[in-house]
Structure formats: C-alpha cells, structure tokens
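These notes concern the structure reproduced below.
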Amino acid sequence: MSVDEKPIKIKVEKVSKIFGKQTKKAVQMLANGKTKKEILKATGSTVGVNQADFEVYDGEIFVIMGLSGSGKSTLVRMLNRLIEPTAGNIYIDGDMITNMSKDQLREVRRKKISMVFQKFALFPHRTILENTEYGLELQGVDKQERQQKALESLKLVGLEGFEHQYPDQLSGGMQQRVGLARALTNDPDILLMDEAFSALDPLIRKDMQDELLDLHDNVGKTIIFITHDLDEALRIGDRIVLMKDGNIVQIGTPEEILMNPSNEYVEKFVEDVDLSKVLTAGHIMKRAETVRIDKGPRVALTLMKNLGISSIYAVDKQKKLLGVIYASDAKKAAESDLSLQDILNTEFTTVPENTYLTEIFDVVSDANIPIAVVDEKQRMKGIVVRGALIGALAGNNEYINAEGTNEQTQDPSAQEVK
Amino acid sequence: MSVDEKPIKIKVEKVSKIFGKQTKKAVQMLANGKTKKEILKATGSTVGVNQADFEVYDGEIFVIMGLSGSGKSTLVRMLNRLIEPTAGNIYIDGDMITNMSKDQLREVRRKKISMVFQKFALFPHRTILENTEYGLELQGVDKQERQQKALESLKLVGLEGFEHQYPDQLSGGMQQRVGLARALTNDPDILLMDEAFSALDPLIRKDMQDELLDLHDNVGKTIIFITHDLDEALRIGDRIVLMKDGNIVQIGTPEEILMNPSNEYVEKFVEDVDLSKVLTAGHIMKRAETVRIDKGPRVALTLMKNLGISSIYAVDKQKKLLGVIYASDAKKAAESDLSLQDILNTEFTTVPENTYLTEIFDVVSDANIPIAVVDEKQRMKGIVVRGALIGALAGNNEYINAEGTNEQTQDPSAQEVK
Amino acid sequence: MDRLPRIPLADIIDRFVDWITMTFGGFFDGIANGLAAFVNGIVTGLGFIPSILLTIIFAALAWWISTRGIALFTLIGFLLIDYLGYWDPMLQTLALVLTSVIISIVVGVPIGIWASQKETVRRIVTPILDLMQTMPAFVYLLPAIFFFNIGVVPGVVASVIFAMPPTIRMTVLGIKQVPADLIEATEAFGSTTAQRLFKVQLPLATKTILAGINQSIMLALSMVVIAAMVGAPGLGSEVYSAVTQLKTGVGVEAGIAIVIVAITLDRITQNIKVKKKSRGNA
Amino acid sequence: MDRLPRIPLADIIDRFVDWITMTFGGFFDGIANGLAAFVNGIVTGLGFIPSILLTIIFAALAWWISTRGIALFTLIGFLLIDYLGYWDPMLQTLALVLTSVIISIVVGVPIGIWASQKETVRRIVTPILDLMQTMPAFVYLLPAIFFFNIGVVPGVVASVIFAMPPTIRMTVLGIKQVPADLIEATEAFGSTTAQRLFKVQLPLATKTILAGINQSIMLALSMVVIAAMVGAPGLGSEVYSAVTQLKTGVGVEAGIAIVIVAITLDRITQNIKVKKKSRGNA
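Residue numbers (my numbering), protein chains in the order written: chain X, 446 to 863; chain H, 446 to 863; chain E, 83 to 364; chain B, 83 to 364.
Right under this line is the structure:
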C-alpha cells in the first residue's frame, strides 16, 4: 500500500513543550533557531519537545523511540493533552484538539484515545473486571452492558476466568494484559502505549510483542508505541520516529532507518558498539572452573558433570596452571584408582591477559577446549570460550566485561592475600 | 599423613539435642533405638541431633554437610554451647566442655573457639576496626594492643585501609572478610563457620573458598565448616560429615564419600539428578529468536548481531516456520536490495516437541544450526542447542525447563489469542 | 524587655471575643439548642434500652465490625461499668464523644478533601492544625463558654476543636498517598474530578482516614474531664467532682470506666475489617 | 444489676490510700522536700540569668544539638514569651517539665532494660503501661495530693505517672529490636550480660529510646494545666486561673507561651543528631 492512499489519523504540526516560566519567550527563541542551552540560559526553562512535525496513518503501528530524557513520553502525553502543549497544533481525524474545551477533550479521551502505562496503573482496590470496565463506567454505560464488553476484551487478551482476581494476585505479564484489555474496552480508534513492555522481564516482553502484533492484525487500531529498545522498535514498528533531546531526528520504516541513517547520531545509535575500544583477552575471559591437583578423579568428574563441561584445568595450591584433565581419562582413573597427577595432560595453549582478540582468533577457533588466560606467574586468570569471542567481535556487549578483567574487579583481588 | 598421627582437637561422644518438653524421656527412647516419629508422638518433642559421634583432628578443615533441617547448625552450635546439648559429651583438647561453668565456658569462647556467621552479624554501629577488635575488647585487652592485632587480621583478609568504614558501606564479600578477621583476632584454635559463604553470590563464593584455603595453609587453624552445597564441601573439605534428619549418615574424605556411598540415600544425594524422568525436546528447548518474513534483510542482520548468532529462523504472521536466513545471505541481500523472501533457505530439520533426547541426539550433533522445535501446525515452539543437550544428559538441571515446555508456562500461552 | 510598649494582646483578644458574642449571639444559640437536642437525644434513646440488652448489642456490634476478642472485652467491660453504677454517666460520655467525633468527621473530612485538592488550602490548614493540637485543651473552654455558656454544648465544642485535627490531617494524607500513575490513569480515561475522588482517591484513602478517626476518638475521650469543667455531664464530671472533693476511690472507679470505654472504642475502630480486599474466586 | 451486692470498690481504694499515707508519711515528706528543692533550684538558678542571655543560650543549645531552623524558632519564641511578660512562669513550667522528664528517664529506662531482659517482667509491665496512659490524668492528682499535699511536688508526681510510660515502652522496644544474630554474635565471643547491654544493645536502641523521651516531654507539657489544679506554679496556673476567671485573652496568651515551649522542646529532641553514624575516611 503506497503511502498516500492511507487516511491520516493524527497530524502533529510544530508542537513544542517548554517546562518552566517565560514559555512564550522560549517559544519565540525556538522559532528563530536558538539552541536549548541558549534558551535555558535566557529563560531558565527547559525545552521538552522542540517543534515536532509528523503524521500518523490510520491502522499503523507508529513507534516513537529514544533514550530516557529524549522527550518521547512528553510527546505522547501531548496527544491526549495529559500534558498541555506550549505551541503548535494536533489534529485527530481532522479535528483540532489543541483548543478543545475541557468537556470536549474528556469526550475524546473517553471515546477516541486510550492509554496503556509502563507500570500498568491498575486500581488495586478493584477486581480485574472492575478495572477493565472503568472506561465505560465513567461514560455511564449500564453495568450489564459494560461488563459484557469488558469480558470480551479480557477474552481477547487471554485472561478469561481471571475477572474476579485482584491485580496484586497476577504476574507482571498478566497485569499488562489487563491494562491492554482496559484500553480496548472503550473501543478507541487510537492506543497510546507508553513503554508498555519495559517493566516486564525480557522473555515475557517478546511474547507480549508477538501478541500485540496478532491483536493489531485482528482489531486494526492505530497504535502509538513508545520505547527505548531498538529491537522492540524493529520488531513491531511499521514506521519509527527517532528522538534525541526533544528533537525528531529521523522518521522512516525499520529498513529505511537502518539503510541510510540520516546523520552520524543515528548511525552511532544503531551501531551501539564503540569500535574505538580495542578488545583484549581480559575483556572476554570467563571465570575459570579449576580442580586442585591433590583432589581425586571422582571429585574432578563430579565438578565437570555439575558444570556440563567435558574438560577442566588442574591447578596447584597457588592456583598455578599444571594441565588439563579430560572427563574420559578421569573416568578410567576412577576405575583403576589412579590419581589426577597420573592422568594430567600437559598439552594446552595459554594466552596472556592483554593479547588482542584479533591475535587469538585463530588459536581459539582450532583449539577444541577453551583457551586458558594466565598472568606472568602462570596463574589461572580465566578462560576464553569460542562463543564469547564471536559475540564480542559482533559488538554484543553482553560478552564484554566492563574494565577488561572478569567480575572480581570491585573486591580487592585475591592476589593481595600473602 | 595417616590418620592416627594427628592429635584429636574435638571429640564428640553420643551428643543429642531434643527440642521441646520431656527431653529426658526422649533421650531414653533414642538410646533404645526408637524412631523420631515415635518420640514425637510419645513426648511431643523433636530430635534435632541424634547421638552424634565423631572426632576432629587438629588443623583439619572438617565440613559438616546436609540439606536444611538436617541438624547441622544445631550440631555446630553445641560445640561452643550456644545451644545446650541434651545428652552426650564434648571434649576440646581433652577438657570436657559439656559440664563447664558459665565463666569457664566464657573463657573457652573468648580464647579457644571463634565463629563466623552466614549473614555476617557485624555490629552496624561500629566501624570495621571496632568490629574486628570486639573479641579482645571483651577480654579487657588495652586499646592500643587490640587495635594493632585487629589491623593485622584485616591485612590478612585483604581489607587494609577499610578500617574506618561502616559495615553497610561494604559489599557482601567484604563484610564476610570482616567476619573472618573478627574471628581470627582472638587467635582461637578452632573456627566455626556456619554456612559462611551461602549468602554471597556464586562468583564471590568461589573466590572466598580459595582465600579460606590459602588462609588455612598460612594460619593452620582447625576449621569446622557448615554447608548445604556439595561442590563447596568437595572443594575445601579435608573430611566431610554427611547429615540427614539429625543423623550422621557418613564420614570420610571427598574421594571416600564419592567412591562408596555408604547407603542408597548418600548415592541419591550425590547423584542429584532423578534419571527416572525421561527428557524430551520440550524439556531443553530454548526461546526461539525469529524474524518475520515481511521485514527487510537489514532488520534480520541487526537482530542476529544483537543476539550474537549467525542464522535466524523466518516465520510468517502466524509464527509458522518458513525457513532459515543466514547472516552471509542477508548481507548480500542488503547490498543488492533483495527481500528476505529471496534469500530464504528451506533446507532445515524440525522435530516435534515430545521427541525423546536420545532420538534427536544424532540429528543435533551433525546439524550446524540449532534444531527448530515445532507443533503440529508447523509453528515455531523453540530451538534445541547442542550445549543444552549435552548439559541435560549430564544431569545439570540448569538446562532442564520445569514442566517440559519453555518459560511462558505460567502465562496462558499466546495460542489462545484468536 | 519591659521597656518596649507592651501590645495589650490579651485585651485585643477579649474585645474580639465580646464582639463575636454580640453579633453572632443568635447564631450560636441556634447551634447550642441543636447540639444539646442531639446529645440528649442519644442519651435518652440509649437510656430506654435496659443496660444488659445494650451491653449485648454493643458486644455484637464489636464482633461484627472487628474480632471476637474485642467483643468479649466489650461485654465484660460494660457489665463492670453497669455493676459499678456508672451506667448513666457512661451513656452521657458516650453521647458526648460520639457527637464530637461525628462533627469532626462531617466537618473534618470535607476540609481534608478540599485541602488535598488545593495546595494553597493545604498550606494554610496544616500550621493551624499543628497549633490546635499543641495548644492546651483548657484554652478552648474559654470561647466555648462565651458562645455556648455552661452545659454539654461547650463540652462538645471544645472536644471538637481538640479532636478534629487528626481526621483532617489523615484525610489529606490518605488522598495524597494515592500513587501519581493511578491519578494519571483516571485522567487518561476521562474522569471528572468527582469521579476521580469517589471511584479512586477516597476508596484507597479509607484505611488512613479511619486511623485519623481513631485518633480523634481518643482525643475526644481525653477531653471528657476537662469538658466537665464547663458543665458537661458524664464520667468526666464524676472524675472532676471526685478530684475537687478529694474522693480518690470514686475518682479511680470513674477513671476505670473511662479506660474501658476508651479501650473498647480504640480496638473497634482499629480493627474495622475494610471490605475492599475480599478475595474473589480464582 | 443493682440486685448484686455492690462491692464498695471506692471505699476499699480510699481506705488503702489512707493506710499508705499513714505508714509512708515520712518517706513521702522526704521525697516531697527533695523534689521541691530540686525544682526550685532549677527555677532560681535559671532566674539569675537575665532573660535575653538565657534565650541566646537556649538558641545556641538548639543549634548545637539540632538544626539552624529550630535555633531561630527558639530565639524568636522565647523573646515573644519574655515580651508578653510570661518569662518567670515559663521558667517554672520548664523546671516542672524537665524534672518530671528526668525522673521518667532515671526510673523509666532501667525498668525498660529490666523488662527487655526478663520476659515475665515485660508481661506484667506492658498492661500497666497501657492502663496508665488511657486513665485520665486527673485521677493521678488524687494520690499526688494525699501523699504530697499542694504545690509543685504533686504536680511533678502526677506528670511523672502520666509521662513515664512511653520512655519505658520505647526502651523495651529499642532493645528488643536488636537483631537476634547480633545477640548470638555477642554470645559466641563470650560477652557478659553487661557487656552485651552497654556495647551492643543500648547503643543500637538509642534512637528509639530518644523517641520515647520526646513523647514523655510532650505528655508532661500536656499536664501543666492539670498540675496547676494542685498548686503547681507556671504557665499552667496562668491558663487555669484565666479559665476559672473567664479571661480568654490571658488564657490564649499563656496558651501560646506553652505552645512555643512545646514546639521548641519537641523539635530539639526529634533532631538530636545521633553521633553514631559519622562517616570514617577512606
């Protein structure tokens, strides 16, 4: 469907929000291009949103993305005037809401726009059903009809049978489904979702995203989704708006955003790894599980079994690296009562902590066991696993330890003990 | 060093602890072999420890291991009579402490035995130095001397320079080092450590275990270490006592314990995986990261990069599995503006959820990408990774999902949504 | 300090009080009659029911509202009061306290709501409440006597001034403690101020407001003896006369009766089972 | 209920009180003289210092113990009291309150410690404290008058009975709240009961005990007017006589003076900077 066929649901024209006094003067300065700092100095007020201009098409999932403090939640709250815009106009289905009276605005909030909140904002003293029917209750719809409608939305989000429970009895994911059902019961045209899934744990968040997409296919509402998570934006957004410090930096489909990032900022934003920092073995090494040489083969076997690994490094009392114990040898040693010393395998490769990743790439790829990272006194510091190496190179900072050594950084390291 | 050369530090003879009334009668019944249930019914009192008999050699790390409720912390608290034994005798260096007067006992606690606690038990209103010198302060040692001794122990545990801080300013690991220093300052012969590392997070626990071993090599105290963690017992114990429901089940070196488990209970205890439960693909499948076919190649690439994976399954809106997208193809597609559909690779193996692990073992080992687990309608349920398969077979329940399906079990699954 | 011309603060206050008595005389008399009728209405009403029956009713009420333990205490306590012969004075004290508390609620809660909605109102009301609670209760007797001369009415008026602050304070606190994101939710779904207040703010604030009312009851009870100084009948005046006539025995007996009433009312209001959280089926 | 033979509870109490007055007469007189001397000692002592200087001393004391804001309030407040001409009565009230509070501490804290160590003691003491606090303060005047006849002493005695409970209660609470694992640590390192108490339990309980003392001060202050009924001089009697002579102006003025003293003492004791947590270097 090419762009111009779809009717425009929401039109936002030069909308700005200034927090503080002298907002009039600040708007003036904004108009003739003064920077946020100048405005702050001159009027002491901060610019929350700076002349936002965009259109949202009917039935679209329109994602507004930005880090915290980028003005995204202020912008979305201006759409239903929870926050009064300082300047500019907002049209919904062509009617200008920015100069609507209190009562007209209340009608729009009751009929046209519903909202889903990050921390669910469910009423603790009301059951799930009473929460879901709240919107219609305000409009004076009689009890029988509104409860019937509320049950329908609860069914839609898969919460049938939970209507008489209280919010604090449900998990995070289920509470947010109630938030969704409550918003849908008013049968609004537009759904504002303010970081609706950020408070959920990562696994549930992906499920809720899939569900929202299914829901959108069925009920076809226009959804304005606020998030700070790039993956979430890419997965559910038809179009994405990127915001930084109150300014709209770029608008486009996920592909367009990735294809030609409109300026250096966007590039860095999607790049999300600062390649300038060159990584060393210390950055990606994991805690080394070791067995002391004076232990028996069965202890080594049990440790390996518990960690799901098939080989383990043997160290002496000073944690000096002696060699590798393989599970198969340990099994034989246990049967014929040999000690770990007898089955110690001394062929193994070690790397010092500050070797660059690029140098150890080939060593790691052809070794069949994790590479040992040792300090000058041959003492075990950690091990490098192939997965971590690839992940780090691919820029996934999950695999990169903060200050280049593994986790015990904040405690004074063990070496200090005499 | 064979067993009989080393002098005996602590001798425990038939020591029992009965909680509740009629303890005399209960001891009688214990003596003539009544079971705990019979005693409970007859006297209404519970048997905490049942006729414990063992010796601890001088300078040994003697680990008492058992699940919670096995009586291990009651037993250790009887050694310094924090809990009064109901019957039996305890000798330290040959002197019987069970009938010592309050003052004599206080002397033993001040000079002979010190204790380290699970939740540290540091005095919040005292600085680290004041905490460490507490033992000597009680004995009336003058300020100058005791602070000098306290500083020494703090140095020993690597906390130099922290003496003027307050406990709540330190991390868990460092607080426990203070607990250790406080116990060492009295220069006792015996150190009682009640689950000293259980409250620390796993990484720090391993470091503290190493440090304790180093410390033991240097200062050579007799250490009685209480734990419920098999690995911890194996790693630091010279000898291990296994306790269950107040009874001592077995005493021996880590090797002996593993070699010939003295009875079915011990075997199960060390075995710790209930092999009777046959595992299926559903048990070990992980959450499947997928990309929707209508997205572009760059979105697929970014998702793969963020997850550190080199291939991703493509699904349609109903999450039906269509094929695999490889990172290399996606890179080419991005350059020559192809859609995901063009580069979709349709050779891939799928397995239904309830196939047994043994059946999919060869499929998994020779496939180079994770195996897709699908339901009857070919919809993606999860993926099986080689590491998880090996780990599960090796009995490491970290890789086994509770009820045989991955995490969204407690939320009503998405399928319900129409 | 004596060099400075002393502003005759005392005289100013006296003249101000006289002026009010003049101008609002009629108005105060109206209130006085209404109040007196209300209190005596309670006393005579309760008076009709025989003491044993009334004791059982009170105990049943206590059981229904709160717990069995308190119901038992109420039963024994009131039987003792009756046995010691202080039944009628107890009824008068009960009437005095209940009237003062009812007025505190009827006047206090709306002020509390008003203060919770308007920040400026709250900023004016709070210091006044502080002053009202630290000022010795005796001082309130003076205006009470001037406007309502002697009898139960000035007693009630003084008790109300002394007992009302906690109800107002806790109403404001209860409403203010409703989390901001819930208020935002009510806005987003288009609630009017009234709907927000009655459907969300007040229900969530009930527990705190009840705590305020409990405090007001205790303060009113602590005023009964002082109120007796302006002619308010009941257990208070029994104690007051016992003190003036140095009859320790009677003083302690009447004191015990007050203690019983105080503990009963305190336990009942503290354990009012708030209906809100009845667990629905799964 | 009248059918049952009424046990003359009142007479029993009266005869009991008479018996005590007889047997312990001398003992009570001794206490009376000691107390009177102590209170008057404070009054004359403070009386020597000119009011301006004393006000500054009080303000400095407030600044040192707590915050600048409170020091300022103390300064202005006491200047106003002096200006209104209530300086001497204020000194007397201060002496009365301080004496009662000191006695509450000296007697109350040890009882609290004793109750925290022995469970049976605690089980006896707690209900008595509840009774003491709910019984109207007036009732305490009766024994006070009998044993110490008229003047400041019965006022102090009645105030002590009414004001002491919070100090005892909070001492027990403070010590009980020390975590069990800390107590076990003191045992494991061989502390005597005294060492455990003074090195661990009391230091950790200080904050709660101070809160108890603050409550006792407020209760003592609320007693000043009632104490005036048994001849205790000070701001209390100014209010009391104003009430009996229906002079509202004077009553309000004296009332304000009491409010100033109350708020000053309350803020100071609440903000005593507990030295414990001074952050070490490194």
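Glycine residues also receive a C-beta, built at the ideal position from the N, C-alpha and C atoms.
(message) Could you give the first and the last residue of the continuous alpha helix (DSSP H) run that contains E:Lys289?
(response) 284-310
(message) Is there a C-beta anywhere in chain X that falls below 8 angstroms from the one on H:Val819?
(response) no
(message) Does B:Ala314 come out as helix, strand or coil in the three-state DSSP assignment?
(response) coil
(message) Considering only their Cβ atoms, is the gap separating X:Glu458 from X:Asp503 smaller than 8 angstroms?
(response) no
(request) Look at the alpha carbon of E:Met172 and the alpha carbon of X:Val586, and state the distance between them as a whole number of angstroms. (result) 51 angstroms
(message) Taking the alpha-carbon of X:Arg650 as reference, which of X:Val494, X:Thr672, X:Ile668 has the nearest alpha-carbon?
(response) X:Thr672
(request) Please list the residues of the segment 639-668 of chain H that have a C-beta atom closer than 8 angstroms to any C-beta atom in chain X, keeping them in chain order. (result) Leu648, Ile649, Lys651, Asp652, Asp655, Glu656, Leu658, Asp659, Leu660, Asp662, Asn663
(message) Would you say the beta carbon of H:Asn544 is closer than 7 angstroms to some non-hydrogen atom of the ligand NAD?
(response) The model depicted lacks the ligand NAD and carries no ligand whatsoever.
(request) For the segment 561-575 of chain H, enumerate the residues whose C-beta is nearer than 9 angstroms to any C-beta of chain B, in chain order. (result) Phe562, Gln563, Lys564, Phe565, Ala566, Leu567, Phe568, Pro569, His570, Arg571, Thr572, Ile573, Leu574
(request) Have a look at the DSSP bridge pairing and note the partners of H:Phe507. (result) H:Ile669, H:Arg684
(request) Please work out which residues of its chain come closer than 7 angstroms, Cβ to Cβ, to E:Ile187, disregarding the five sequence neighbours upstream and downstream, and give them in chain order. (result) Thr249, Ile295
(message) When you compare the CB of H:Tyr771 with every CB in chain B, is at least one pair closer than 8 angstroms?
(response) no
(message) I'd like to know whether the C-beta atoms of E:Thr346 and E:Gly159 end up nearer to each other than 8 angstroms.
(response) yes
(request) Could you tell me the boundaries of the alpha helix (DSSP H) in which X:Gly827 lies? (result) Counting along the chain, X:Gly827 falls outside any alpha helix (DSSP H), though it belongs to the beta strand (DSSP E) covering 825-829.
(request) Could you tell me which chain B residues have their CB closer than 7 angstroms to the CB of H:Thr527, listed as they occur along the chain? (result) The sequence shown places Leu at residue 527 of chain H, not Thr. Those are Glu266, Glu269, Ala270, listed as they occur along chain B.
(request) In the DSSP assignment, find the alpha helix (DSSP H) that holds B:Asp93 and state where it starts and stops. (result) 91-130
(message) For a test of the three-state rule: what should DSSP assign to E:Tyr168, helix, strand or coil?
(response) coil
(message) So with CB distances below 8 angstroms, who are the chain H contacts of B:Pro218?
(response) Residues of chain H passing the Cβ test: none, with the nearest at roughly 40 angstroms.
(message) Strictly below 8 angstroms CB to CB, what residues from chain X border E:Ser273?
(response) Leu583
(request) Report back the beta-carbon spacing between H:Leu748 and H:Val736 to the nearest angstrom; my notes put them in contact at under 8 angstroms. (result) 6 angstroms
(message) According to DSSP, is H:Asp662 part of a helix, a strand, or is it coil?
(response) helix
(message) Let me make sure I understand the geometry here. Which of E:Met214, E:Ala240, E:Ala144, E:Leu328 has the alpha-carbon closest to that of E:Ile354?
(response) E:Ala144
(message) Can you confirm whether H:Ser721, when its beta carbon is compared against all beta carbons of chain B, has any partner nearer than 8 angstroms?
(response) The predicted model places H:Ser721 with a pLDDT of 33, which falls under 50 and marks its position as unreliable, so this point remains unresolved.
(message) Counting only beta-carbon separations shorter than 8 angstroms, does X:Asn751 have a partner in chain H?
(response) yes
(request) Verify whether the separation of the beta carbon atoms of X:Ile558 and X:Ile635 is less than 8 angstroms. (result) yes
(request) Check whether the Cβ atoms of H:Lys689 and H:Gly511 sit closer than 8 angstroms, and answer yes or no. (result) yes
(request) Figure out for me which residue from X:Val501, X:Gly533, X:Leu583, X:Gln614 has the closest Cα to the Cα of X:Arg554. (result) X:Leu583
(message) Under 8 angstroms, with one C-beta from each stretch per pair, do the segment 218-232 of chain E and the segment 249-260 of chain E reach the 3-pair mark?
(response) no
(message) Is it buried or exposed, B:Glu201, if we count other Cβ atoms within 10 angstroms and call 16 or more buried?
(response) exposed
(request) Can you give me the Cβ contacts of X:Tyr758 inside the same chain, cut-off strictly under 7 angstroms, excluding the 5 residues immediately before and after it? (result) Ala733, Thr735, Leu766, Val769, Ala817, Met825
(message) Taking the straight line between their C-alpha atoms, what separation do you get for H:Ser721 and X:Val501?
(response) Because the pLDDT of H:Ser721 is 33, which lies under 50, any placement of that residue in the model is unreliable, and the question is left without a value.
(request) Please check if any C-beta of chain X sits within less than 8 angstroms of the C-beta of E:Asp263. (result) yes
(request) Using 10 angstroms around the beta-carbon of H:Asp820, count the other beta-carbons present and answer buried if the total reaches 16, otherwise exposed. (result) exposed
(request) Tell me whether the beta-carbon of B:Arg204 lies closer than 8 angstroms to the beta-carbon of B:Ser198. (result) yes
(message) Could you compute how far the alpha carbon of X:Ser518 sits from the alpha carbon of X:Ala644?
(response) 15 angstroms
(request) Tell whether a beta-carbon distance below 8 angstroms holds between H:Arg622 and H:Phe507. (result) no
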